[in-house]
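So the sequence shown is numbered by this note's numbering: it starts at 100 and just counts up by one.
Glycine included, C-beta positions come from ideal geometry on N, C-alpha and C.
Worksheet: the structure to be examined is printed underneath.
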Amino acid sequence: MKTRKIPMRKDIVTGEMVAKKDLVRVVKNKEGEVFLDPTGKKNGRGAYISLDREVAKEAQAKRVFEKAFSQAIDPSFYEELYEYVDHQQARKELFENEQD
């Protein structure tokens with residue numbers, strides 16, 4: 100059987116190429132709103148970040164999204180990002196344990 104190609108994207112914080120399923124997309128739309136896009140299909144300029152709380156903290160400290168989208172980012176966005184990353188990490192650990 101033919102092996103499937105795994106889509107890769109660059110993590111905006113670390114600069115590493117990572118499998119798309121291990122990242123979350125952050126989008127800036129035409130109205131200037133910045134938000135998480137778990138589906139990866141919403142319209143707008145996108146940037147990817149790893150599903151890791153330490154990477155999310157680094158993104159906030161280095162103001163990575165402010166630079167990428169050329170605008171100020173509301174601190175509540177980072178709280179939402181932390182919650183999403185924590186939730187996804189917990190799900191990943193839960194499903195890995197079930198498969199063992």
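Could you tell me whether any Cβ in chain D is nearer than 8 Å to the Cβ of residue i?
i             : result
glutamate 157 : The structure shown contains no chain D; it holds only a single protein chain.
Residues in the same chain with beta-carbon distance under 7 Å from residue i, minus the five sequence neighbours each way, listed in chain order, please.
i                 : result
glycine 131       : Gln170
valine 163        : Ile111, Val112
isoleucine 172    : Val133, Phe164, Glu165
phenylalanine 176 : Val133
Give the C-beta separation of residue i and residue j to the nearest angstrom, bearing in mind that I take them to be a contact with Cβ-Cβ under 8 Å.
i              : j            : result
lysine 127     : glycine 143  : 5 Å
aspartate 136  : arginine 124 : 4 Å
isoleucine 148 : leucine 122  : 6 Å
First and last residue of the alpha helix (DSSP H) that includes residue i?
i           : result
valine 133  : Taken as a continuous stretch (DSSP letters only), valine 133 belongs to no alpha helix (DSSP H), being part of the beta strand (DSSP E) at 133–136.
alanine 167 : 163–168
What separation, rounded to the nearest whole angstrom, lies between the Cα atoms of residue i and residue j?
i             : j              : result
glycine 145   : alanine 189    : 25 Å
lysine 101    : asparagine 196 : 28 Å
glutamine 159 : valine 117     : 20 Å
leucine 150   : lysine 129     : 25 Å
arginine 103  : alanine 167    : 31 Å
leucine 193   : valine 184     : 14 Å
glutamate 182 : lysine 161     : 19 Å
Would the beta-carbon of residue i be found less than 7 Å away from any heavy atom of the ligand NAD?
i             : result
glutamate 153 : This structure simply doesn't include the ligand NAD, nor any ligand for that matter.
Closer than 8 Å by C-beta to residue i: which residues in its own chain qualify, once you throw out the five before and the five after it? Chain order, please.
i              : result
methionine 107 : Met116, Val117, Ala118, Lys119
How far does the beta strand (DSSP E) with residue i in it reach, from first residue to last?
i              : result
methionine 107 : 107–109
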